[in-house]
Amino acid sequence: MRVLVGYASGGGSTASIAEAVAAALHARGHEVVARTMDEVSDARSYDAYVLGSAVRDQAWLPLGRDFLAAQRKALCGKPVWLFSVGMPGALSGPWRRWASLAEADLLAGLLDHVAPIDHRLFTGVVSAERFGWFGALVFRAVGGRFGDFREWPAIEMWSSSIAEALSEIEAASR
Ligand SMILES: Cc1cc2nc3c(=O)[nH]c(=O)nc-3n(C[C@H](O)[C@H](O)[C@H](O)COP(=O)(O)O)c2cc1C
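Counting from 1 along the sequence shown, just add 163 to a position and that's the residue number in my numbering.
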């Protein structure tokens, strides 16, 4: 089975998480290609997909949303996992709870195009420079913290569960 790990990243965190997922799948014997979504020439040529995007203003980046919409036929009937990279780990108290609720809305928007086996929301690198001075001011005022919140063990565990599922799908199709 050829697996596409496709991503839409603004500042690089989503790309790094996608590369880690791809490396974990490869280490477990799967044929995998990691590509930013705008470099995927023929999405139909893959048998399974792990697709992720950075979150901006509670939605996937346009590149990620456009890819899902354009490729919905290619994805239909094939195993798909989705991941989003946002900032819940950088928030605290009620804002963190808000981020969990926002995940449901985020996923609902994606389900218009695809029926994923699973969706995960990870936290990426949250940097003041990318927010701009006013955004950074507001973010700090609500108790947000800047930093690198990527949780590699959780990403590895999720990748491992995908690798297992892919092996089961492969075995069942033989
Ligand atoms: C302008 C801006 C808006 C953002 N909006 C959200 C949001 O609505 N929800 C969220 O969880 N994270 C939000 N984030 C945080 C980013 O998704 C997070 O920093 C992520 O790591 C970015 O991934 P990337 O490095 O691949 O672009 C926002 C970041 C910026 C700079």
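Heads up, the beta-carbon is just placed ideally off N, CA and C, and yes, glycines get one too. Quick caveat: nothing in here was measured; it's all calculated off a predicted structure.
Cα atoms of Trp315 and Ser324: separation of roughly 14 Å, rounded to the nearest angstrom. Apart from sequence neighbours up to five positions away, the residues of its chain that approach Val196 with a beta-carbon distance below 6 Å are Leu167, ordered along the chain. Around the CB of Leu245, 16 or more other CB atoms lie within 10 Å, so the residue is classed as buried. Taking each of Gly249, Tyr209, Glu202, Met164 in turn and checking the Cα distance to Asp311, the smallest one comes out for Gly249.
Judged by DSSP in its simplified three-state form, Ala181 adopts helix. Fully enclosed beta strand (DSSP E) runs of no fewer than 3 residues occupy 211-219, 243-249 of the stretch 205-277, in order along the chain. Collapsing the DSSP output to three states places Glu194 in a strand.
In the three-state scheme derived from DSSP, where H, G and I count as helix and E and B as strand, Val166 is classed as strand.
Proximity to Met164 across Leu231, Val243, Trp296 peaks at Val243, based on C-alpha coordinates.
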